[in-house]
């Protein structure tokens, strides 16, 4: 049976990549383990090895092709006596399906608010990098430290290029000692520098949470306003893909409960850039929660060095009249997927992206609830003592008479994140859950 | 290679500094007993020679950071006794306007960075101060003080590693007073020569008689020169003793009265210095009595100030949580 060589994923979250080079041509004999191609993403390059022995029957994706979806057949390997044509027909079916998925994604991205200035398309990863680079150019007190931020160019390539531009004095690789380097950053902040600490993910920031809370958040208060600790703690937060319980969780509610911190969790590249710039300029400690799965997602971003989003302001991504749906970070993706179905049902949802989790912009949420009289909060995090719990409580207190239905939240399942693909999917908010919650609050049957 | 000059400190100055700490702490103990000071209050009595000697050999701009047994560090840094005592009583004229307390006081002006309540946290923080010195190329050294108890914390070694890896100008001053709260160092530490705790990281260290201010100064000079000359961190293990319990609520039943008395009678840093001063003949008994009276007045005034200063206005509850301006 002919063997399809599929576009491999370099990481669990990679969705597409470029086919940089073929090392073989049609008709070449290959053995298992031979390097046959090179693929690349904006993060890394990898060699593709043949998984079996045979003859390259057909190359399906040409060298230099960009954005090839993971699992797209890229070549066919034939065993002795096999014919290339039959194999190609089967492969093309899979390829067509993949193309449809990416079209759907493009439609979703187009629903960004109308641009005010010239926009350029960029990934969240690039937006974050540009924000740091721009602020480092403006203020030589700003520096970045963390694991693999310099020579490796960032574990998730968010700091790509910073070492080249700013040198090793300001882009600093640390040992794998989060508690220690978070403390060093806090000390440097107390001494008047402006550190940006990258945690490879916020799961590892658990080792450092003492300094984030006890050293950074409380210093201004404990010193009667005398001493500040302006550190930005940033990195990937939230649910990743297939990495299990210790590497996949949302810390939003943990940090958002701490007075003295500002907590940001953007969804789009534009907000990621504008809020990170605001965070670096801010004289307070800021916890900046990114999302690994969003790093590679592209959005239009204003083409200026002066793009700053104010901390503490939510964004109404879509105006609507029947229900207010509040979410943040990757939760917006879930909401916008569900909104496709809601539209088909004739339900007009107002979608609010919180962007800042502390201080929460309750004004925007309340104004929307006063208009729609219904509220659903969507979050990846655990349901107990969550951001959604806080918003439902505040709305119930402050707008009880305006509500036509009890506010609902759609949260992650109340379990440690499982590894198995089916269980992991069950632990996350689904389109169905969101649609059901909206149907409930709007009494739609 | 110091570009800024060291202060010239006489034995009389050292005596005054140590006596101020002793009398201040005695008064704080009294005020605690009278209910004017609440919560935790960790007295420095017995350890005065350590901060006094180190302070005498620092140069302008060198930073100090320590744990919660911090009153002595603040007084020698030049912070006002009135402001420190008023913070102990939780009043508005305290250094943190009453919002920090005994363990959380700061003076950026005097380069004193706290006053930290989490055991060992000041070690990476102090290493961060040194990081800032190197970043700014300002020729200053940061002094991070911690106790024998903190010397077993994991974050201390994370900081040691980075301090040597990056050759940061920091001197770690371990104040080994033999007890981490109620647990003696022998019962808490697999190795008790704490000066060698940096050997895995190639950080040199020496043990110093922390009850002798001259010995502290001599070792302090060498350590500061080492760090200031770009050689990276240095560890000073000060062998010292606290006469009082861990905090005011500790009856100190884990050690014998004889042990404490022996230290007070034979190793007291203030008595030792006093004898040296009298031997030198620069000041006589009357001169010392006069100093004693001056210090008592400062401390009594501070106590009165701290009792009369008002409590912070209720509106202070919600201030100093965030700075609103953009830097």
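Chains as they are written, first to last, in this note's numbering: chain A, 929 to 1373; chain B, 4 to 330.
Where is the CB? At the ideal position from N, CA and C, for every residue including glycine.
Just so we're clear, the structure is a prediction, and the values are computed from it rather than from any experiment.
Cβ shell of residue i (< 8 Å), same chain only, five flanking positions each side left out
| i | result |
| --- | --- |
| residue 1189 of chain A | 1140, 1141, 1144, 1145, 1183, 1212, 1213, 1214, 1215, 1286 |
| residue 1304 of chain A | 1251, 1252, 1253, 1254, 1335, 1336, 1337, 1338, 1362, 1365, 1366, 1369 |
Backbone CA spacing between residue i and residue j [nearest angstrom]
| i | j | result |
| --- | --- | --- |
| residue 273 of chain B | residue 71 of chain B | 23 Å |
| residue 196 of chain B | residue 261 of chain B | 24 Å |
| residue 68 of chain B | residue 92 of chain B | 22 Å |
| residue 1353 of chain A | residue 1169 of chain A | 10 Å |
| residue 1264 of chain A | residue 1232 of chain A | 27 Å |
| residue 147 of chain B | residue 107 of chain B | 15 Å |
| residue 284 of chain B | residue 1136 of chain A | 55 Å |
| residue 1313 of chain A | residue 991 of chain A | 51 Å |
| residue 95 of chain B | residue 1167 of chain A | 46 Å |
| residue 180 of chain B | residue 1186 of chain A | 35 Å |
| residue 1325 of chain A | residue 1177 of chain A | 29 Å |
| residue 936 of chain A | residue 1191 of chain A | 36 Å |
| residue 1230 of chain A | residue 1055 of chain A | 10 Å |
| residue 247 of chain B | residue 1107 of chain A | 32 Å |
| residue 48 of chain B | residue 29 of chain B | 8 Å |
| residue 996 of chain A | residue 976 of chain A | 14 Å |
| residue 159 of chain B | residue 1245 of chain A | 47 Å |
| residue 974 of chain A | residue 933 of chain A | 15 Å |
| residue 280 of chain B | residue 191 of chain B | 38 Å |
| residue 1217 of chain A | residue 1133 of chain A | 11 Å |
| residue 1083 of chain A | residue 32 of chain B | 53 Å |
Partners in chain B for residue i, counting only beta-carbon separations shorter than 8 Å
| i | result |
| --- | --- |
| residue 1107 of chain A | 127, 157, 158, 161 |
Proximal chain A residues relative to residue i, where beta-carbon distance stays under 9 Å
| i | result |
| --- | --- |
| residue 98 of chain B | 1151, 1152, 1154 |
| residue 43 of chain B | The contacting residues do not exist; residue 43 of chain B stays about 14 Å from chain A at best. |
| residue 109 of chain B | 1118, 1147, 1150, 1151, 1152, 1154, 1155 |
| residue 62 of chain B | Chain A residues near residue 62 of chain B: none, gap ~16 Å exceeds 9 Å. |
Secondary structure of residue i, DSSP reduced to three states
| i | result |
| --- | --- |
| residue 1093 of chain A | helix |
| residue 127 of chain B | helix |
| residue 199 of chain B | helix |
| residue 1125 of chain A | strand |
| residue 1073 of chain A | strand |
| residue 299 of chain B | helix |
| residue 304 of chain B | helix |
| residue 981 of chain A | coil |
| residue 163 of chain B | helix |
| residue 98 of chain B | coil |
| residue 1106 of chain A | helix |
| residue 316 of chain B | coil |
| residue 1356 of chain A | coil |
| residue 247 of chain B | coil |
| residue 1068 of chain A | coil |
| residue 142 of chain B | coil |
| residue 986 of chain A | strand |
| residue 181 of chain B | coil |
Cross-chain neighbours of residue i in chain B, by beta carbon under 9 Å
| i | result |
| --- | --- |
| residue 1121 of chain A | 131, 134, 135, 138, 139 |
Contacts around residue i, its chain only, beta-carbon distance under 6 Å, and the 5 residues preceding and following it disregarded
| i | result |
| --- | --- |
| residue 331 of chain B | Residue 331 of chain B is absent from the model: chain B starts at 4 and stops at 330. |
| residue 1130 of chain A | 1163, 1165, 1179 |
| residue 1148 of chain A | 1156 |
| residue 941 of chain A | 1169, 1220, 1221 |
| residue 120 of chain B | 71, 106 |
| residue 949 of chain A | 966, 991 |
Own chain residues within Cβ distance below 7 Å of residue i, not counting five before or after
| i | result |
| --- | --- |
| residue 1008 of chain A | none |
| residue 113 of chain B | 80, 81, 82 |
| residue 51 of chain B | 21, 24, 25, 75, 272, 273 |
| residue 871 of chain A | Here chain A has residues from 929 to 1373 only, and residue 871 of chain A is not among them. |
| residue 1310 of chain A | 1339, 1340, 1342 |
| residue 1420 of chain A | No answer is possible for residue 1420 of chain A: the residues shown for chain A start at 929 and end at 1373. |
| residue 1123 of chain A | 1071, 1073, 1113, 1116, 1117, 1159 |
| residue 198 of chain B | 208, 209, 210, 238, 240 |
Contact list for residue i against chain B, beta-carbon separation under 7 Å
| i | result |
| --- | --- |
| residue 1143 of chain A | 124, 128 |
| residue 1212 of chain A | 325, 326 |
7 Å Cβ cut-off: residues of chain A touching residue i
| i | result |
| --- | --- |
| residue 323 of chain B | 1148, 1149, 1152, 1153 |
| residue 102 of chain B | 1149, 1150, 1152 |
Quick check for students: name the residue ranges of the beta strand (DSSP E) that lie wholly in the stretch 1229 to 1276 of chain A, counting only runs of 3 or more. Correct list: 1243 to 1246, 1251 to 1255.
Fully enclosed by the stretch 1297 to 1348 of chain A, which alpha helix (DSSP H) runs are 4 residues long or longer? Correct list: 1315 to 1327.
Alpha helix (DSSP H) runs contained entirely in the stretch 1171 to 1234 of chain A, provided each spans 4 or more residues: The DSSP assignment places complete alpha helix (DSSP H) segments of no fewer than 4 residues inside the stretch 1171 to 1234 of chain A at 1180 to 1184, 1197 to 1209, in order along the chain.
Taking the runs of the beta strand (DSSP E) that are 3 residues or longer, which of them lie wholly in the stretch 220 to 301 of chain B? Unbroken beta strand (DSSP E) stretches of 3 residues or longer found wholly inside the stretch 220 to 301 of chain B: 237 to 242, given in chain order.
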